[in-house]
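In my numbering, the protein residues as written are 68 to 170.
What follows is the structure, encoded as structure tokens:
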């Protein structure tokens, strides 16, 4: 299975679209659809029926998925591209701007 360079828990900045320059934490990643859900970005209004989990129902604001190509990883507050490097027997992510390993 192919992997994405952005992972759950990363801090990213939106680089294009209606939410350009907003920053947030990645809540989920969908590898098959190449999308990520970012906290506070691409907010949509959803009408929900009452259910066991949500007794009241009504109108709920929630984040919608955004294409992974529209976000950029933030390393020390600056957006950077991500590459991979093999260190010993492990494959690690590397910030292209600084050359430092991520995590």
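Built from N, CA and C at the ideal position, the CB exists for glycine as well.
Beta-carbon proximity of residue i to residue j, cut-off 7 Å
| i | j | result |
| --- | --- | --- |
| residue 104 | residue 95 | yes |
| residue 79 | residue 138 | yes |
| residue 86 | residue 108 | yes |
| residue 81 | residue 75 | no |
| residue 120 | residue 142 | no |
Supposed close pair residue i, residue j - CB separation, criterion 8 Å
| i | j | result |
| --- | --- | --- |
| residue 112 | residue 133 | Residue 112 to residue 133, Cβ: 16 Å. No contact. |
| residue 101 | residue 135 | 5 Å |
Close Cβ partners of residue i (< 7 Å) along its chain, the five nearest in sequence each way excluded
| i | result |
| --- | --- |
| residue 158 | 151 |
| residue 145 | 164 |
Same chain only: Cβ atoms within 8 Å of residue i, ignoring 5 sequence neighbours per side
| i | result |
| --- | --- |
| residue 110 | 128, 129, 130 and 131 |
| residue 83 | 137 |
| residue 149 | 72, 73, 140, 160, 161, 162, 163 and 169 |
| residue 70 | 98 |
Close beta carbons around residue i, own chain, < 6 Å, minus the five adjacent residues each side
| i | result |
| --- | --- |
| residue 164 | 147 |
| residue 116 | 124 |
| residue 106 | 91, 92 and 94 |
Any non-hydrogen atom of the ligand SAM within 6 Å of residue i CB
| i | result |
| --- | --- |
| residue 108 | With respect to the ligand SAM, the structure shown offers nothing to examine, as it has no ligands at all. |
Quiz item: Considering only residues of the stretch 98 to 156, which uninterrupted beta strand (DSSP E) runs meet the minimum length of 3 residues and lie entirely inside it, listed in chain order?
Solution: Taking only runs of at least 3 residues, the beta strand (DSSP E) segments lying wholly in the stretch 98 to 156 are 102 to 105, 110 to 115, 125 to 130, 138 to 142, 145 to 147 and 149 to 154.
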